[in-house]
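Colleague:
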Amino acid sequence: MIVLVLDAACLALILLLGLGLVRVIAGPAAADRILAIQLSGTTTVGLLLLLAIRLEQPALIHAALVFVLFAALLALGFVYGTERKP
Amino acid sequence: MTEALPVLLVFVPFLAGLGQFVLGRAVPWSQQFVSGFNLLLVLLLLRAVAGGEPVIADLGGWGEPLAIHLQADGLATLMLLLTAVLAVAISLYAIPAFGGHARSAWQFWTLWPLLLGSLNALFLSRDLFNIYVTLELVTLAAIPLVLLAGPRKTVDAALRYLLFALLGSLIYLAGVALLYAQAGTLDLALLPAATPTGSLAGPLAAALIITGILIKGAILPFHIWLPAAHGGAPAAVSAILSALVVKAAIYLLLRLWTGALEPLVSIAAGQLLGLLGASAVLFGSWQAFRQSRLKLVVAYSTVAQLGYMLLFFPMAVTAAWQGAVYHGLAHGVAKAALFLAAGNLLYYLGQDRLEALRGIDRPLAVSLLAFGLAGVSIMGLPPSGGFTAKWLLLTASLQTGQWWWTAALVAGGLLAAGYIFRVLRLAFLQSAEPAERRDGPVPGRLMAWTATALALLAIGLGLISAPLLDLLGDIPGGGS
Amino acid sequence: MSGIDPFALAAAGLMAFGLYGFCVCRHPLRRLLAINLVGNGVFLALILIARRLPDGPDPVPHAMVLTGIVIAVSATAFGLALIRRQARPEDDGND
Amino acid sequence: MMLLDGVLALLLLLLAGRCVTAASLLQAIVAFIVLGLLLALSWVRLQAPDLALAEAAIGAGLLGVLLLGTWRHLPASGIHHEFPWPWHGMKQAVSALGGLALAVMLALALHETAPEPAAAGETALAQLDAAGVKQPVTAVLLNFRAYDTLLEMGVLLMALIGALIVRRPLQDGSRIAPATLLSPSLARLFLPPILLIGLYLVWAGAYSPGGAFQGGAVLAGAGVMLALTGLLRGASVDGLWLRGLLALGAIVFTTAGVLLVPVTGHFMAYPDGLVTPLMVLIEFSLAISIALSLLLLFTGTPGLARSRP
Amino acid sequence: MTLASITASVLIVVGTAFYIAGTVGLLRFPDIHSRLHALTKADNTGLGFLALGVALLSGSPRLAVLIALVWLLALIAASVACHLIARYALDGTDSDSEPRA
Numbered sequence: 001m002i003v004l005v006l007d008a009a010c011l012a013l014i015l016l017l018g019l020g021l022v023r024v025i026a027g028p029a030a031a032d033r034i035l036a037i038q039l040s041g042t043t044t045v046g047l048l049l050l051l052a053i054r055l056e057q058p059a060l061i062h063a064a065l066v067f068v069l070f071a072a073l074l075a076l077g078f079v080y081g082t083e084r085k086p
Numbered sequence: 001m002t003e004a005l006p007v008l009l010v011f012v013p014f015l016a017g018l019g020q021f022v023l024g025r026a027v028p029w030s031q032q033f034v035s036g037f038n039l040l041l042v043l044l045l046l047r048a049v050a051g052g053e054p055v056i057a058d059l060g061g062w063g064e065p066l067a068i069h070l071q072a073d074g075l076a077t078l079m080l081l082l083t084a085v086l087a088v089a090i091s092l093y094a095i096p097a098f099g100g101h102a103r104s105a106w107q108f109w110t111l112w113p114l115l116l117g118s119l120n121a122l123f124l125s126r127d128l129f130n131i132y133v134t135l136e137l138v139t140l141a142a143i144p145l146v147l148l149a150g151p152r153k154t155v156d157a158a159l160r161y162l163l164f165a166l167l168g169s170l171i172y173l174a175g176v177a178l179l180y181a182q183a184g185t186l187d188l189a190l191l192p193a194a195t196p197t198g199s200l201a202g203p204l205a206a207a208l209i210i211t212g213i214l215i216k217g218a219i220l221p222f223h224i225w226l227p228a229a230h231g232g233a234p235a236a237v238s239a240i241l242s243a244l245v246v247k248a249a250i251y252l253l254l255r256l257w258t259g260a261l262e263p264l265v266s267i268a269a270g271q272l273l274g275l276l277g278a279s280a281v282l283f284g285s286w287q288a289f290r291q292s293r294l295k296l297v298v299a300y301s302t303v304a305q306l307g308y309m310l311l312f313f314p315m316a317v318t319a320a321w322q323g324a325v326y327h328g329l330a331h332g333v334a335k336a337a338l339f340l341a342a343g344n345l346l347y348y349l350g351q352d353r354l355e356a357l358r359g360i361d362r363p364l365a366v367s368l369l370a371f372g373l374a375g376v377s378i379m380g381l382p383p384s385g386g387f388t389a390k391w392l393l394l395t396a397s398l399q400t401g402q403w404w405w406t407a408a409l410v411a412g413g414l415l416a417a418g419y420i421f422r423v424l425r426l427a428f429l430q431s432a433e434p435a436e437r438r439d440g441p442v443p444g445r446l447m448a449w450t451a452t453a454l455a456l457l458a459i460g461l462g463l464i465s466a467p468l469l470d471l472l473g474d475i476p477g478g479g480s
Numbered sequence: 001m002s003g004i005d006p007f008a009l010a011a012a013g014l015m016a017f018g019l020y021g022f023c024v025c026r027h028p029l030r031r032l033l034a035i036n037l038v039g040n041g042v043f044l045a046l047i048l049i050a051r052r053l054p055d056g057p058d059p060v061p062h063a064m065v066l067t068g069i070v071i072a073v074s075a076t077a078f079g080l081a082l083i084r085r086q087a088r089p090e091d092d093g094n095d
Numbered sequence: 001m002m003l004l005d006g007v008l009a010l011l012l013l014l015l016a017g018r019c020v021t022a023a024s025l026l027q028a029i030v031a032f033i034v035l036g037l038l039l040a041l042s043w044v045r046l047q048a049p050d051l052a053l054a055e056a057a058i059g060a061g062l063l064g065v066l067l068l069g070t071w072r073h074l075p076a077s078g079i080h081h082e083f084p085w086p087w088h089g090m091k092q093a094v095s096a097l098g099g100l101a102l103a104v105m106l107a108l109a110l111h112e113t114a115p116e117p118a119a120a121g122e123t124a125l126a127q128l129d130a131a132g133v134k135q136p137v138t139a140v141l142l143n144f145r146a147y148d149t150l151l152e153m154g155v156l157l158m159a160l161i162g163a164l165i166v167r168r169p170l171q172d173g174s175r176i177a178p179a180t181l182l183s184p185s186l187a188r189l190f191l192p193p194i195l196l197i198g199l200y201l202v203w204a205g206a207y208s209p210g211g212a213f214q215g216g217a218v219l220a221g222a223g224v225m226l227a228l229t230g231l232l233r234g235a236s237v238d239g240l241w242l243r244g245l246l247a248l249g250a251i252v253f254t255t256a257g258v259l260l261v262p263v264t265g266h267f268m269a270y271p272d273g274l275v276t277p278l279m280v281l282i283e284f285s286l287a288i289s290i291a292l293s294l295l296l297l298f299t300g301t302p303g304l305a306r307s308r309p
Numbered sequence: 001m002t003l004a005s006i007t008a009s010v011l012i013v014v015g016t017a018f019y020i021a022g023t024v025g026l027l028r029f030p031d032i033h034s035r036l037h038a039l040t041k042a043d044n045t046g047l048g049f050l051a052l053g054v055a056l057l058s059g060s061p062r063l064a065v066l067i068a069l070v071w072l073l074a075l076i077a078a079s080v081a082c083h084l085i086a087r088y089a090l091d092g093t094d095s096d097s098e099p100r101a
């Protein structure tokens, strides 16, 4: 039963990731794309947590942690990367 | 004790480069010790290998099929010898050429020993994945060296070189992956026995590996990155790149074809490679003939000369094997001499347009002599090393009845004579204007004589071929 | 026809898309991305191959991929530095 | 779970196609970054948590930041319109057909089952007890096939030297910070956990997924964050200590490999009693070199300096 | 079925529902600011519920602490990212054109 719930949740999240790609592709603004990256990042973190339990691999929680840290970095890098030059 | 030799050949230059890096300023004389010591090690290795048994080092001591082994057999030792001899000459040449003060000097004296160690590592490797790493190592040492000619001028060439080299090595890696899936080991010595035939993955893996190496080796359809990179680099670097770095890729092709990939390759594939080689000879020579810049002439000549080595694959008999390898040696020495000599002309003229060469025979007689002598070997005239190599290839084509390769050999030689004499003719023509309009410095004795010494060696290779060919031995596996 | 691994398709597809991009695209940054696609495809293939051991995944391809990732990233970073330099040819760096 | 794999693979292909055919460069880069996320999930599904960690830190994280940073430096005039679809021309069509053929062959080849399990991998698992670490991948990287790892450090170092040769004069490093109000405090908040996680990953590599690469990349991420928020800036001067640390990994690795030959009889072999502490020592020195190299590849400067925002 | 696992299931389902809301918001909302706020709220809450459920299932305090840390850092990261993107979008002329020379 719990396995079923976990599987279903994983599947739902990966489908959501796919849906989020619409914003990655459609934009229209650069900010939309980076927003979509953020959502993908959070969804991935959620998926990693679920999979950590489902596959009994606690190390995936570390991966989730690393993802969270680098998601913030990407946002920073994006703003730095797209800011107009002085 | 001989087991230590291959390891030292990798570690000594590597540590020297690291030390140079940490030190933060150029110490040209230390590299002279390193290249001298490197030559000494190779000579010791030569003595050890001469008995016929390869020298093998097991890194980490975990044994087959897991650990990485270094192995020096006849072929590898000859390439190491070529590298070591050229390293001594080029290190000497680079003292006046790079000096010791600028930051670029530090970068050169850091990268050059690292490249030397990487080349040694590549020649010694007996492991498919380790070869991938050494290929990348060689590439990433070579490209920054190209940039030392001045980033502004060379960045386009360097970028193109990098893109092609990366793609080539990843395609190679794809082949390695498929082969590992089939054979379960990466050890070159175990692969032929472990590789099952009759599957799709095997030949596909071989095709990917060969394609990747061809890209790295700038063989005809993939040659487009070479001329700009080799022509744009500083002369000492061009010599290293043309004589050793691309040759390393062809060396791998020879080694894998007769070893690890032997159960997977076919006659048709050999003919195809021979066709590529012959087209490279004709196309490269023709392009070299048409160039208007001296270093581009020499760079396109490399495209052509690499093609000769590919003529081994369709014939695959001992004469072809020895001819191809000997061509690698002869071309390596001669091409290094050509690039160093060209570098001297460039140093004096401040530019390398062929037109500017008119009437420079007086101040640059020694360098022009070097250019001419090296040219003799490139053209394949007796008694040079180039002649010996082409003679062996010719013999092979007659032995196997594949006479059509003879046409490529002859045409390539004629075209080579064309582009070499074109340069020399211009240089010895008296110009209408007096020569003093050029204010460039005359290259020093060291620069002139290292080039000449290499050119003489290129000629001499024709006279001392017997012991070297003995060391190389017959084609592995007795031919197909 | 049953049971072709979706990841095998993905690995093959990534390599093919990468090669296609390398041939078709002209901007060096795109070509660099294309090369990284090829790399990712190769890495995926290696990891698929690693699953063929009975007790636990084969660590050798895993180590190969880790090495490959670091090499790919270093080379890509170098390539990006070259691209930046190419985009601004006017000022000369340290010579 | 099969369904999950299918969707994952489909999305990977979608994004790869997008990456190649997107109209603008930024879209291609964004697609590539998201591809990195999905790839990390794929590694999880393929029982490769080590790679998931590496991908999170290097593939999706650092590389993404680097790509976006480069994109910013490209002049608009330098970007011509691409014609990336197969029907845009002869070259495109031929490439597409070639790619398709290759994909089919590769997929078939990957589908073929291997005759027997890989001998090298089996040996690695069987000899794990003697390797000094419990994690098989770390054992292969640092012990069984340590030579590859050593050479790889050379690749990293030379990529850095190359990047520094082409760097432009310092304007780059000095104005790296976008001078946001929030950023410095953010960096201070994030720094301790990042450093902690990085160090933990390095240390944990001995017995669980992680290791010098993952940890080093996370540590580099900490540096990049400092650089982006203006607490750290690139400097045109490099010190002896910095160069020493950059080469530290390779030097420690080589020295250990050479000095212990009299004891073990093989290069890069480690004696039984010392193997675990040596592994830890090598792992930490590698991580330091990796972190610094990646950070300098990001700042594009030979040195680093602290700065007050 | 223990009480813990039932609770965890419910939490995970609720979390997933929030994720769905966030994604739909990202797709449906008309402008960048409403997307931004809908998104960050929804996915933070979603991740929170999910994390809680997963922590319950993990059955080890050490992992639970780690999971809590993930959520905490995600909260901070999301707020920062949200701030940065909003500021960026506010800056005006946010087109998807290639970078300005």
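Protein chains in written order, with the working numbering: chain A, 1 to 86; chain B, 1 to 480; chain C, 1 to 95; chain D, 1 to 309; chain E, 1 to 101. Every residue, glycine too, gets a C-beta built ideally from N, C-alpha and C. On a predicted model such as this, the values are computed, not experimentally measured, just so you know.
1. Would you say L19 of chain A lies against chain E (beta-carbon separation less than 9 angstroms)?
2. Under a CB-based cut-off of 9 angstroms, is V503 of chain B close to chain C?
3. Specify, as a first and last residue, the run of the beta strand (DSSP E) that I56 of chain B falls within.
4. Within 9 angstroms (strictly less), CB to CB, does L39 of chain E reach chain A?
5. In whole angstroms, what is the alpha-carbon distance linking V263 of chain D and G257 of chain D?
6. Quick check on the DSSP output: the alpha helix (DSSP H) that includes Q31 of chain B runs from which residue to which?
7. Go ahead and pull the three-state DSSP assignment for H62 of chain C.
8. Buried or exposed: where does I197 of chain D fall if 16 or more other Cβ atoms within 10 Å of its Cβ makes it buried?
9. Cutting at 8 angstroms between CB atoms, please list the residues of its own chain near P136 of chain D, excluding the five before and the five after it.
10. Roughly how many angstroms lie between the CA atoms of G265 of chain D and G60 of chain B, to the nearest whole one?
11. Between which two residues does the alpha helix (DSSP H) containing L261 of chain B stretch?
12. In angstroms with no decimal places, state the Cα-to-Cα distance between V133 of chain D and E136 of chain B.
13. If distances are taken between C-alpha atoms only, which option among D:M268, D:I194 and D:A120 comes closest to P61 of chain C?
14. For the beta strand (DSSP E) that contains A233 of chain D, what are its first and last residues?
15. For P193 of chain D, go through chain E and note every residue whose CB falls closer than 8 angstroms to its CB, in chain order.
16. Can you give me the Cβ contacts of L394 of chain B inside the same chain, cut-off strictly under 7 angstroms, excluding the 5 residues immediately before and after it?
17. Do three or more CB pairs link the segment 53-68 of chain A to the segment 66-76 of chain E at distances below 8 angstroms?
18. Taking the alpha-carbon positions, what's the E152 of chain D to T67 of chain C distance?
19. At a Cβ threshold of 9 angstroms, is L49 of chain A touching chain F?
20. With 7 angstroms as the C-beta to C-beta threshold (strictly closer), list the residues of the segment 138-170 of chain B near chain C in chain order.
21. Taking one C-beta from the segment 69-89 of chain C and one from the segment 147-162 of chain D each time, how about it: are there three or more such pairs within less than 8 angstroms?
22. Across which residues does DSSP place H69 of chain B in a beta bridge pair?
23. State yes or no: is the beta carbon of M105 of chain D nearer than 9 angstroms to at least one beta carbon in chain C?
24. Can you tell me which of B:V7, B:L159, B:G19 and B:S397 puts its alpha carbon nearest to the alpha carbon of I251 of chain D?
25. Is the beta carbon of L145 of chain B closer than 9 angstroms to that of A233 of chain B?
26. So, for G380 of chain B: in the same chain, excluding its five sequence neighbours on each side, which residues have a beta-carbon less than 6 angstroms away from its beta-carbon?
27. Is the shortest distance between the beta-carbon of E136 of chain B and the beta-carbons of chain C less than 9 angstroms?
28. With C-beta atoms as the reference, is E112 of chain D less than 9 angstroms away from G211 of chain D?
29. Can you check which of these residues, B:T2, B:A411, B:D187 and B:L340, is closest to L241 of chain B by C-alpha distance?
Modeller: Looking at the atomic coordinates:
1. Reading the first sequence from its first residue, position 19 is the one you call residue 19 of chain A. With 9 angstroms as the cut-off, L19 of chain A counts as an interface residue toward chain E.
2. Look at the range of chain B in this structure, 1 to 480, and you will see that residue 503 of chain B is not part of it.
3. Counting from 1 along the second sequence, the entry for residue 56 of chain B is found at position 56. Its beta strand (DSSP E) spans residues V55 to L59.
4. Here residue 39 of chain E is taken as the residue at index 39 of the fifth sequence, counted from 1. At least one chain A Cβ lies under 9 angstroms of L39 of chain E.
5. Here residue 263 of chain D refers to the residue found at position 263 of the fourth sequence. Here residue 257 of chain D refers to the residue found at position 257 of the fourth sequence. Rounded to whole angstroms, V263 of chain D to G257 of chain D spans 11 angstroms at the Cα level.
6. By one-based count along the second sequence, residue 31 of chain B stands at place 31. From DSSP, the alpha helix (DSSP H) with Q31 of chain B extends over P28 to V49.
7. Residue 62 of chain C sits at position 62 when you count from the first residue of the third sequence. Helix, per DSSP.
8. On the fourth sequence, position 197 is the one that residue 197 of chain D refers to. Buried, since its Cβ has 16 or more Cβ neighbours within 10 Å.
9. Working through the fourth sequence from its first residue, we reach residue 136 of chain D at position 136. Same-chain partners within the cutoff: A124, L125 and L128.
10. For the purposes of this step, residue 265 of chain D is taken as residue 265 along the fourth sequence, with counting starting at 1. For the purposes of this step, residue 60 of chain B is taken as residue 60 along the second sequence, with counting starting at 1. Rounded to the nearest whole angstrom, the C-alpha separation of G265 of chain D and G60 of chain B is 9 angstroms.
11. For the purposes of this step, residue 261 of chain B is identified with residue 261 of the second sequence, where counting begins at 1. From DSSP, L261 of chain B is part of no alpha helix (DSSP H); its letter is neither H nor E.
12. By 1-based counting over the fourth sequence, the position of residue 133 of chain D is 133. By 1-based counting over the second sequence, the position of residue 136 of chain B is 136. Each residue's alpha carbon lies about 28 angstroms from the other.
13. As a first step, residue 61 of chain C is located in the third sequence; it is residue number 61 there, counting from the start. Checking every option, the nearest Cα to that of P61 of chain C belongs to D:A120.
14. Here residue 233 of chain D refers to the residue found at position 233 of the fourth sequence. The sequence shown places Arg at residue 233 of chain D, rather than the Ala named in the question. It spans L232 to A235 - the beta strand (DSSP E) in which R233 of chain D sits, taken as one unbroken run.
15. In the fourth sequence, counting from the first residue as 1, residue 193 of chain D sits at position 193. Ordered by position in chain E, the residues that pass the 8 angstroms Cβ test against P193 of chain D are L69 and L73.
16. Your numbering for residue 394 of chain B matches position 394 in the second sequence. Correct list, in chain order: T406 and L409.
17. Enough Cβ pairs lie closer than 8 angstroms, so yes.
18. On the fourth sequence, position 152 is the one that residue 152 of chain D refers to. On the third sequence, position 67 is the one that residue 67 of chain C refers to. About 7 angstroms.
19. Of the protein chains in the structure, A, B, C, D and E, none is chain F.
20. Flagged, chain order: L140, G150, P151, R152, V155, D156, A158, L159, L162, L163, L166, L167 and L170.
21. yes
22. As a working mapping, residue 69 of chain B is identified with position 69 in the second sequence. In DSSP, H69 of chain B forms a bridge with B:D58.
23. Taking the fourth sequence and counting its residues from 1, one reaches residue 105 of chain D at position 105. Output row for M105 of chain D: interface = yes.
24. The residue labelled residue 251 of chain D in the question sits at position 251 within the fourth sequence. Cα-wise, what sits closest to I251 of chain D is B:G19.
25. Counting from 1 along the second sequence, the entry for residue 233 of chain B is found at position 233. Counting from 1 along the second sequence, the entry for residue 145 of chain B is found at position 145. Yes, they are a contact pair.
26. Counted from its first residue, the second sequence places residue 380 of chain B at position 380. These residues qualify, in order along the chain: G386, F387, K390 and G413.
27. The sequence position of residue 136 of chain B within the second sequence is 136, counting from 1. Judged by the 9 angstroms Cβ criterion, E136 of chain B is in contact with chain C.
28. If you number the fourth sequence from 1, residue 112 of chain D lands on position 112. If you number the fourth sequence from 1, residue 211 of chain D lands on position 211. The answer is no: Cβ separation not under 9 angstroms.
29. Locating residue 241 of chain B in the second sequence gives position 241, where the first residue counts as 1. Answer by Cα proximity: B:L340.
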